[in-house]
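Taking it in order: structure first as structure tokens, then the write-up.
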Amino acid sequence: MADIAGPSVGTERRSLTFGLVAGEPALIGLLACLAAATFTLPHALGRMVDWGDFLPGVFLCLALMGLGLYARHRVRALRLAVAAVGAGLFMGFSTLLTVLIFSLFPLHNPVIDPWLIAVDARFGYHWASFVIALADYPLLGQALALVYNSAVPMLLAVVILLGIMGRVEALHRMLLVGLVSLIAAVAFWWFFPSIGPSAYQTVPDDVAQSINLVFSAEAGALLRHLVEVGPAVINSDTVVGVVALPSYHTVMMCMVIWYTRQTPAFLLSLVLGLAMLPAILSHGGHNVVDVLGGLAIFALCAFGASRYLPDRTQ
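Here the numbering used here is used: the first residue of the sequence shown is 215, the next is one more, and so on.
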């Protein structure tokens, strides 16, 4: 692989818009719109936000993007630049969307969890029973907890990998899919809210502890409180996965596998991605329907991104 400071990435031959390449103008434009909504919506809805918990993520986003632009135009480290800007965009999206999502609580529409649980029952799936069965293999259950918690670090690693490899369009497509799919998932969830079976089904404490269950009884109680009352203050202590259908962990799993398929990391991504499925169903407190919804929203967004940002001739 060429050195990350080398010119082989080919971005010097692309048309630049204020020093940006490929999908960066669109992604930064979306980030700016998201920032405007994030800093105005909580105030408009009367929500309290502990900005001190979230501003470091914003500053890191700006610092990484600044580093990337400096590396591109001063050092000519083009691949490093793409990776840094991509990582900055990823951090910005993650931080801002967290505040925006929790500003929507409490929910006004009734949750559809009873219906989703009933649909899963027709498939023969019951979340608590699955978790209890998994506890018969505690080491496997603990390993799946690690896999579940690795979703965001894996995505960030793919962002950096694609940037360093000079896969500019693939990187920007992945970021676009990540943002648009999350916005679409939250929009669907806002109209048809669901928080998953962990908020309604009980798992014995010893079972939860034996596998380090991520969505334990405490998490389920917090989810019910958020739905009914909302957080007193939006801060890092109240942040928990809240969107059940469609499962965004499933979207992230698909992104990692799909966008590494032409890289040396594909086999590792495939193994971790397949392990993510039982991790989502157990530790994520999800129904099977949630996973199917995540697969559908990824497929739609990936198709749209491939049309909006096609590969360019080098």
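Backbone N, C-alpha and C fix where the C-beta goes; we use that ideal spot for every residue, glycine too.
All values derive from a computational prediction rather than experimental measurement.
Item, Value
"Is the distance from the Cβ of Ala399 to the Cβ of Val457 below 7 Å?", "yes"
"Quick one: is Asp420 buried, meaning 16 or more other Cβ sit within 10 Å of its Cβ, or exposed?", "exposed"
"Taking the alpha helix (DSSP H) that His439 falls in, what are its first and last residues?", "431 to 442"
"Take the Cβ of Asp525 as the centre, count every other Cβ of all protein chains shown within 10 Å, and call the residue buried at 16 or more, exposed below.", "exposed"
"Is the region 340 to 357 touching the region 421 to 433 in the sense that three or more CB pairs, one from each, lie closer than 8 Å?", "yes"
"Taking the beta carbon of Trp329 as the centre, do at least 16 other beta carbons fall within 10 Å, making it buried, or is it exposed?", "exposed"
"Check this for me: beta carbons of Ser408 and Leu358, under 7 Å apart or not?", "no"
"Give the DSSP bridge partners of Val263, in chain order.", "Ile448"
"Kindly indicate which three-state DSSP category Val223 falls into: helix, strand or coil?", "For Val223, the predicted structure reports a pLDDT of 45, less than 50, and the residue's modelled location is therefore unreliable. A value from the coordinates is still provided. Val223 falls in the helix class under three-state DSSP."
"Between Ile494 and Ser461, is the Cβ-Cβ spacing less than 7 Å?", "yes"
"Are the region 443 to 450 and the region 475 to 490 touching, with three or more C-beta to C-beta distances below 8 Å?", "no"
"Going by beta carbon distance, what residues of the same chain come within less than 6 Å of Ala516, once the five residues before and after it are set aside?", "Val391"
"Exposed or buried, what is Val289 when buried is set at 16 or more other beta-carbons lying within 10 Å of its beta-carbon?", "exposed"
"Pull up the distance between the alpha-carbon of Val373 and that of Ala365, whole angstroms please.", "13 Å"
"From Leu437, His386, Ala301, pick the residue whose C-alpha is nearest to that of Trp411; which is it?", "The amino acid occupying residue 411 in the given sequence is Pro; Trp does not appear at that position. Comparing Cα-Cα distances from Pro411 to each of Leu437, His386, Ala301, the minimum goes to Leu437."
"Excluding the 5 residues preceding and the 5 following Leu396 in the sequence, name in chain order all residues of the same chain whose CB lies nearer than 7 Å to its CB.", "Leu311, Tyr462"
"Grab me the residues of Leu276's own chain with a C-beta within less than 6 Å of its C-beta, minus the 5 sequence neighbours each way, in chain order.", "none"
"Excluding five sequence neighbours on each side, which residues of the same chain lie with their C-beta closer than 6 Å to the C-beta of Leu376?", "Ala384, Leu385"
"Just to confirm my understanding: we take Ala285, look at its own chain, exclude 5 residues before and 5 after, and list those with CB closer than 7 Å. What are they?", "Ala291, Leu294, Ala295, Ala298"
"Just to check my reading of the structure: Leu245 and Phe307 have Cβ atoms closer than 8 Å, yes? What is that Cβ distance to the nearest angstrom?", "7 Å"
"Taking the straight line between their C-alpha atoms, what separation do you get for Phe253 and Thr416?", "37 Å"
"How is the alpha helix (DSSP H) around Asn363 delimited, first residue to last?", "352 to 363"
"Counting only the same chain and skipping the five closest in sequence on each side, list residues whose C-beta sits under 6 Å from that of Ala519.", "Arg387, Leu390, Val391"
"Does the Cβ-Cβ distance between Thr464 and Gly508 come in under 7 Å?", "yes"
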